[in-house]
Amino acid sequence: MSALCAGMVAIVTGAGAAGDGIGNGRAAAIRLAEAGARVALVDVGESVFRTREMILERGGTATAYRCDVTDETAVATAVADVVGRWGRIDILFNNVGIAGPPGTVVDVDLDAWTRCLEVNLTSMLLVSRHVVPAMVAGDGGSIINMSSLAGIRGGHAGISYATTKGAVLSLTQAMAAHHGRQGVRVNAVAPGLVYTPMVSTKAGADDAFRATRSSLNLLGTEGTGWDVAEAVVWLASPASRWVTGTVLPIDAGASSYSSAIAVSITDSGASEAPASVGGRISAADNGFRKGDSNHD
1 MSALCAGMVA IVTGAGAAGD GIGNGRAAAI RLAEAGARVA LVDVGESVFR
51 TREMILERGG TATAYRCDVT DETAVATAVA DVVGRWGRID ILFNNVGIAG
101 PPGTVVDVDL DAWTRCLEVN LTSMLLVSRH VVPAMVAGDG GSIINMSSLA
151 GIRGGHAGIS YATTKGAVLS LTQAMAAHHG RQGVRVNAVA PGLVYTPMVS
201 TKAGADDAFR ATRSSLNLLG TEGTGWDVAE AVVWLASPAS RWVTGTVLPI
251 DAGASSYSSA IAVSITDSGA SEAPASVGGR ISAADNGFRK GDSNHD
């Protein structure tokens, strides 16, 4: 990868992943480092230190923080340390997210609903609250917020997850409007059914399961954290200097058409896509990209 982010400083939240697996946060952190950024890794778990090792092994520059991003004091301390260490912040990838509880408005557990709001939405506000002033004091910056296909189209078994990821889109647009004239761009990425370590550890995540997920998009192929990372690096870099307030779906086209139109892709030589493509995602699939470990 070319040095799109040379000389820049990035913070990636939710930068850990199970074992040596490649989740969205870890992949983005590695790619940002490969693009020339110095990367501050933030996660609530020990796995954040393995991400740092992986970056250092590749010749990159990184530091790591165990930090609960729903704790504003901890967030303020970590951000201040990054500024003290490297003198600036140019990039923020707000990646932390959990699946949240199952259930509809009728039966969702209210304590779990509140926790999902704190992790998936309030954490972005808290981290951004302390990062934006550092960006404004420097040369501006780029913030990328993690949404989801569920935030665009709904269709998730848990009302909490779909609601918070939809709210991320509104948060992104509001932040872009508030801080654009200060030199801060704000965009969101919305992955579809990406295969990550969270998916691989779930019961039933076998080859047949993966093949079914792969059929739920226009390309008929499986996405990974690396696909998300490439989009994050582009949005973080000066290459996207005139892009703000937008959401970038990373879903192989799953969000681009409606199940109501009964689109068939068999004419192009691919197998027919299930009717749920672009509409509701089956309950069996829900939660397979996220877990309670506080990283995406």
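When we follow full-length UniProt numbering, the leftmost residue of the sequence shown carries the number 1, and every step to the right adds one.
C-beta atoms are modelled at their ideal positions from N, C-alpha and C, and glycine is treated no differently.
Cβ-based neighbour list, residue i, same chain, cut-off 7 angstroms, excluding 5 preceding and 5 following
i: Val69; result: Thr13, Val42, Val75, Val96, Ser123, Leu126, Val127
i: Ala252; result: Gly192, Asn217, Leu218, Leu219, Thr221, Gly223
i: Asp71; result: none
i: Gly269; result: Unreliable placement is indicated for Gly269, whose pLDDT of 37 sits below 50; the coordinate value is still reported in the next sentence. Excluding residues within five positions, none has a Cβ falling inside 7 angstroms.
i: Ser214; result: Gly220, Thr221, Glu222
Identity of the residue in the options nearest residue i by Cα
i: Ser160; options: Gly192, Phe209, Glu118, Ala37; result: Glu118
i: Phe131; options: Phe93, Ala27, Gly158, Leu149; result: This sequence places Val at residue 131; Phe is not what is there. The shortest C-alpha separation from Val131 is found at Phe93.
i: Arg181; options: Asp71, Asp139, Val228, Thr163; result: Asp139
Cβ-Cβ distance between residue i and residue j below 9 angstroms
i: Ile89; j: Ala134; result: yes
i: Leu248; j: Val189; result: yes
i: Val233; j: Arg31; result: yes
i: Gly36; j: Gly16; result: no
i: Ala40; j: Tyr65; result: yes
i: Thr114; j: Ser147; result: no
i: Ser47; j: Ala18; result: yes
i: Gly23; j: Gly225; result: yes
i: Gly100; j: Thr164; result: yes
With 16 other Cβ atoms within 10 Å as the buried cut-off, status of residue i
i: Gly183; result: exposed
i: Pro238; result: exposed
i: His178; result: exposed
i: Asp285; result: With a pLDDT of only 38 at Asp285, under the threshold of 50, the placement of this residue in the model should not be trusted, and no figure is reported.
i: Gly87; result: exposed
i: Arg52; result: buried
i: Val105; result: exposed
Sequence-distant residues of its chain with Cβ nearer than 6 angstroms to residue i (five each side left out)
i: Thr61; result: Arg38
i: Val83; result: Ala134
i: Ala162; result: Ala150, Gly154, His156
i: Ser240; result: Trp234
i: Asn145; result: Asn94, Met124, Val168, Thr172, Ala188
Same chain, Cβ closer than 8 angstroms to residue i, five either side skipped, listed in chain order
i: Leu56; result: Ala62
i: Asp20; result: Arg50, Met54
i: Ile250; result: Val189, Ala190, Pro191, Gly192, Val194, Gly223, Asp227, Val228, Ala231
i: Ala3; result: Ala35, Gly36
i: Trp242; result: none
Cβ separation of residue i and residue j, assumed to be a contact under 8 angstroms, to the nearest whole Å
i: Ala10; j: Ile91; result: 4 angstroms
i: Thr244; j: Ala176; result: 5 angstroms
i: Asn120; j: Ile143; result: In fact, because the Cβ distance is near 16 angstroms, the residues do not count as touching under 8 angstroms.
i: Ala157; j: Pro197; result: Not quite, the Cβ-Cβ distance comes to about 21 angstroms (not below 8 angstroms), so this is no contact.
i: Cys5; j: Ala236; result: 6 angstroms
i: Ser255; j: Ile152; result: 5 angstroms
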